[in-house]
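Residue numbers (this note's numbering): 93 to 541.
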């Protein structure tokens, strides 16, 4: 791991870095952008006490004009924290109030130009989006937010990335049948891991991010096979799907061999089972629950050994990310109540279990969500969850404003959250909401004011 690079050293070395990185810079279309020195970093300062934030794509900001967009977010919505996409997955986006692109097609893009010295540690680079029209694109977005004393959190999709999978197919997951994944990078691959850490270092150091909201930082699987639309007319049983989701790329096999796992024998056994199982209707065994008991007993315990290797692979990657974020005083999100706050290895996703006890002392914000069919039950659930948040951390909650057709339900949820003791509120995608729905946010601003 490289030591932290201060601003003066960074500026002195940026020309060298630019020349070393430029030949590998990937662009979606516009190949004229070059790496440049930019002045926007400062020490991370994740807001404490209260905040009102919103998820937003950089194209939303720049298509409207940075000042126009920020004026609306501040004056009409009462917000003070940006959650900007740094890398996002492929999609078709309907943008109801965008003045330039009401419909946008994107194959998976990064919204910054790689320039940090840490990129020397990996041979792969993110594919830069076509909206990134100047070397200082992301710097302008950050700098103008900082001038308003706003927070800046970057949400980043790490491994689910169609454009990266096409550019670097050798870094993708490989299933038990030997088929290479078309959209998911493998977290065991050394270049992928170094890429992930370079992304985090770039966002925290070059751009002075306050925190990283990660998505898809572990393994993928059947749910992420799609290029456009999955054609799976006979879905596999839960257990068969789990086995199909396993990765047997060279990096995973190497990690297994290092841990004295007979991975090639195990792979043959899984493959033989699927060839026998998939052509037929699922048996009761196939339809059984995917849990630790099953994993420990299936394939004479070999499945659990392999899963332990995967758990360690993902945990160590998360920890490397956490170390970088800690070094810059930022926050790593999302961790949620109650699953990830248990001091053991049980999270919401059995496929990507990690040792959450390592991260528990470093929590800065913890996500909470109302549960229950009645408002009273939802209120009680929020109060209970808030009580489970460690004293050194603060609860936060998300509101999806564009799912409402009137402001009353949104404002009720905001008020309910505030009454439960939540002072950090953030809202779903800015560009994919209608103007009226965004204006409703401002009517609830006292919850974080």
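Ideal placement from N, C-alpha and C gives every residue a C-beta, glycine not left out. From a predicted model like this one, the values you see are computed outputs, not experimental measurements.
C-alpha gap between residue 202 and residue 398, whole angstroms = 33 Å
* Since residue 184 sits in a beta bridge, which residues does DSSP pair it with? -> 197
For the beta strand (DSSP E) that contains residue 264, what are its first and last residues?
264 to 266
Report task. Would you list, in sequence order, the uninterrupted alpha helix (DSSP H) runs of no fewer than 4 residues that lie entirely inside the segment 466 to 509? Result -> 467 to 480
Span separating the alpha-carbon of residue 384 from that of residue 396: 8 Å
Limits of the unbroken alpha helix (DSSP H) element including residue 375: No alpha helix (DSSP H) holds residue 375; DSSP gives it neither H nor E.
Exercise for the section: Indicate the three-state DSSP secondary structure (helix, strand or coil) for residue 401 in the structure shown. Expected result: Secondary structure at residue 401: helix, using DSSP grouped into helix, strand and coil.
Q.
Out of 254, 260, 369 and 199, which one is the CA nearest neighbour of residue 216?
A. 260
| message | Using only CA atoms, which one of 170, 269, 177 and 158 lies nearest to residue 516? | response | 170
Thinking C-alpha only, which one of 251, 232 and 529 is nearest residue 409? 251
* Taking the DSSP output, what are the residues bridged to residue 56? -> A question about residue 56 goes unanswered here, because the residues of the chain that appear run from 93 up to 541.
(message) Judging by CA-CA distance, which residue of 323, 233 and 355 is the nearest neighbour of residue 53?
(response) This structure cannot speak to residue 53, because the chain is shown only from 93 to 541.
- Task: Verify whether the separation of the beta carbon atoms of residue 339 and residue 306 is less than 8 Å.
- Result: no
_Please classify residue 523 as buried or exposed, where buried requires at least 16 other C-beta atoms within 10 Å of its C-beta._
buried
Straight-line CA distance for residue 438 to residue 407? The predicted position of residue 438 is uncertain, since its pLDDT is 38 and thus under 50; no value can be drawn from it.
Open item on the list: Pop quiz: residue 330 and residue 382 are said to be a contact at Cβ under 8 Å. What is the actual Cβ separation, rounded to whole angstroms?
Closed with: 5 Å
**Message:** By the three-class DSSP mapping on this structure, what secondary structure does residue 448 have?
**Reply:** helix
Discussion item. In the DSSP output, which residue or residues are listed as bridge partners for residue 79?
Written reply: Nothing can be reported for residue 79: it is not among the residues displayed for the chain, which extend from 93 to 541.
| request: Quick one: using the 10 Å Cβ neighbour count with 16 as the cut-off for buried, is residue 139 buried or exposed? | output: Within 10 angstroms of the beta-carbon of residue 139 lie 16 or more other beta-carbons, which makes it buried.
(message) Given this structure, state the Cα-to-Cα distance separating residue 525 from residue 313, to the nearest angstrom.
(response) 30 Å
Original post:
So what does DSSP say about residue 348, is it helix, strand or coil?
Top reply: helix
Would you identify the three-state DSSP class for residue 108, choosing helix, strand or coil? Note that residue 108 has pLDDT 36, beneath the 50 cutoff, so the model's placement of it is unreliable and no number is given.
**Message:** Once DSSP output is grouped into helix, strand and coil, what is the label at residue 33?
**Reply:** Residue 33 lies beyond the range of the chain shown here (93 to 541); nothing can be said about it.
Assuming residue 405 and residue 280 are in contact, meaning their beta carbons sit under 8 Å apart, how far apart are those beta carbons, in whole angstroms? 5 Å
Could you check whether residue 455 and residue 485 sit closer than 8 Å to each other, using their CB atoms as the reference points? Contact flag set, yes.
Query - Buried or exposed by the 16-neighbour rule on C-beta atoms within 10 Å, applied to residue 367 - result: exposed
Look up residue 536 in the DSSP assignment and say whether it is helix, strand or coil.
-> coil
task = Please state whether DSSP places residue 287 in a helix, a strand or coil.
result = helix
Checklist entry - Is residue 527 helix, strand or coil when you go by DSSP? => result helix
* To do: Within 10 angstroms of the Cβ of residue 355, are there 16 or more other Cβ atoms? Answer buried if so, exposed if not.
  => buried
What do you reckon, are the CB atoms on residue 424 and residue 303 nearer than 8 Å? yes
**Asked** DSSP on residue 326, reduced to helix/strand/coil?
**Response** coil
Requested in this report: Kindly indicate the opening and closing residues of the beta strand (DSSP E) around residue 385.
Outcome: Run containing residue 385: none in the beta strand (DSSP E); it sits in the alpha helix (DSSP H), 384 to 389.
Taking the alpha helix (DSSP H) that residue 340 falls in, what are its first and last residues? It is not in any alpha helix (DSSP H) - residue 340 carries neither H nor E in the DSSP assignment.
Helix, strand or coil: which one does DSSP assign to residue 519? strand
Please say whether residue 237 and residue 146 have beta carbons closer to each other than 8 Å?
no
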